[in-house]
Amino acid sequence: MSWSPPMEYASRPVVVLGDGVLGRRIAACWVSAGWDVIIRDPSERSRTDAVSYLKDNLAIYLALSHGQAGTYEGVEDLEQAVKTAWLVFEAMDGSKSKEYLDLYKSYDGTAPTGQAMDYILPTFKFVCVTFATLAVGTGARGVIDPVGFSRSFGLALESTKGNETNDTNADARRNTAASRADQHCCRLAESYASLMGVRQLGTGLTLLTFAYQGKWTEAATILVIIGIVVAGTDAFFLACAGSKSSGRFHAIPGAGISALAAGAIYVGA
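Mapping of the sequence shown onto the numbering used here: position 82 corresponds to residue 1137, and the numbering continues sequentially without gaps.
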């Protein structure tokens, strides 16, 4: 399946329908790449929260994209949102099926000619490269700084550097035996954190290689598995460790990436 953007797309906005966790991040990615973005949601509070998120976090996305920020706004009216759009993202809650059907009915015939709904593949490619780049960065950190890497997951490890003891007194050696056992456990934990970093680094490099070669189906297959198995497992154990917020931070984006990758495979990545 081939896809090409419509004419004059560079001067037309990108529209995000829905402003939840996924919608806000999609909007932030495109704004940071210099595009003008319109966020459409019927709830005034949701629109305000989405705009506030962009104001507060856009600098983080710009640091990754190294681009010029585009404009962004939240609107209520669907027709106003899509009347000049060249690309529309649907980031609504999938459980609200009735709202989806109503949206499709009102959307039919509203968008300009040439806009269509061919957004899955370009979106997937953008997300894939972004995810792979971030995976390389965080994976390298896991190799170089396993303690800091583990803390980014909400799991605190104590560094073993500088904790070696050279006591010559017999009593002191006996008193520090338990401490040395703890240090040994910490070294094992650091080594495992480094292995996790290597895994993430390898995944990122593999995805970037597939992207360079144009093997998007292979990349999508990997992301479907990672999104469900890896992110889901990480989220489960983080939640069991008492960090439910970190668990959600892994589970929600992981599920979104997995769904997007599955959609890309379905339409013929």
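For glycine and all other residues, C-beta sits at the position ideal for the given N, C-alpha and C.
Values in this document were obtained by computation on a predicted structure and should not be read as measured data.
(1) Return yes when the Cβ of Ala-1310 is within less than 8 Å of the Cβ of Gly-1269, no when it is not.
(2) Determine which residues share a DSSP beta bridge with Met-1184 and list them.
(3) Assuming Ile-1115 is part of the alpha helix (DSSP H), what are its boundary residues?
(4) DSSP state of Gly-1089, grouped into three classes?
(5) For Thr-1139 and Arg-1095, I'd like the C-alpha separation in whole angstroms.
(6) Could you check the C-alpha separation between Ile-1175 and Thr-1185 for me, to the nearest Å?
(7) Looking at the structure shown, is Gln-1170 part of a helix, part of a strand, or coil, going by DSSP?
(8) How would you label Ile-1093, buried or exposed, when you count the other beta carbons within 10 angstroms and need 16 or more for buried?
(9) Once DSSP output is grouped into helix, strand and coil, what is the label at Gly-1075?
(10) Per the DSSP calculation, Phe-1144 is bridged to which residue(s)?
(11) How would you write the range of the alpha helix (DSSP H) that Glu-1134 sits in, first residue to last?
(12) In the DSSP assignment, find the beta strand (DSSP E) that holds Gly-1129 and state where it starts and stops.
(13) If you check the beta carbons only, do Trp-1090 and Gly-1125 fall under 8 Å apart?
(14) Considering Val-1202, what are the terminal residues of the alpha helix (DSSP H) in which it resides?
(15) Let's test the definition: count the other Cβ atoms within 10 Å of the Cβ of Tyr-1127 and tell me whether it reaches 16, buried, or not, exposed.
Short version:
(1) Here residue 1269 corresponds to residue number 214 of the sequence shown, with the count starting at 1. Here residue 1310 corresponds to residue number 255 of the sequence shown, with the count starting at 1. No. Outside cutoff.
(2) On the sequence shown, residue 1184 is found 129 positions in, with the first residue counted as 1. The question names Met, yet the displayed sequence has Val at residue 1184. In DSSP, Val-1184 forms no bridge with anything.
(3) Looking up residue 1115 in the sequence shown gives position 60. Unbroken alpha helix (DSSP H) run through Ile-1115: 1099-1120.
(4) Reading the sequence shown from its first residue, position 34 is the one you call residue 1089. Of the three classes helix, strand and coil, the one that applies to Gly-1089 here is coil, per DSSP.
(5) Indexing the sequence shown from 1 puts residue 1139 at position 84. Indexing the sequence shown from 1 puts residue 1095 at position 40. Using only the alpha carbons, I get a separation of about 14 Å.
(6) Taking the sequence shown and counting its residues from 1, the one referred to as residue 1175 is at position 120. Taking the sequence shown and counting its residues from 1, the one referred to as residue 1185 is at position 130. Distance between the alpha carbons of Ile-1175 and Thr-1185: 15 Å.
(7) For the purposes of this step, residue 1170 is taken as residue 115 along the sequence shown, with counting starting at 1. For Gln-1170, the predicted model reports a pLDDT of 44, less than 50, meaning its position is unreliable; a value from the coordinates is still stated below. It is coil, neither helix nor strand.
(8) To locate residue 1093, count along the sequence shown from 1; it is residue 38. Flag for Ile-1093 reads buried.
(9) As a working note, residue 1075 is residue 20 in the sequence shown. Coil.
(10) On the sequence shown, residue 1144 is found 89 positions in, with the first residue counted as 1. Val-1071, per the DSSP bridge assignment.
(11) Along the sequence shown, one-based indexing puts residue 1134 at 79. 1133-1137 is the extent of the alpha helix (DSSP H) around Glu-1134.
(12) Here residue 1129 corresponds to residue number 74 of the sequence shown, with the count starting at 1. That run of the beta strand (DSSP E) goes 1127-1130.
(13) Translated into positions along the sequence shown, residue 1090 becomes position 35. Translated into positions along the sequence shown, residue 1125 becomes position 70. Going by C-beta atoms, Trp-1090 is nearer than 8 Å to Gly-1125.
(14) Here residue 1202 is taken as the residue at index 147 of the sequence shown, counted from 1. Its alpha helix (DSSP H) spans residues 1201-1206.
(15) On the sequence shown, residue 1127 is found 72 positions in, with the first residue counted as 1. By the 10 Å Cβ count, Tyr-1127 comes out buried.
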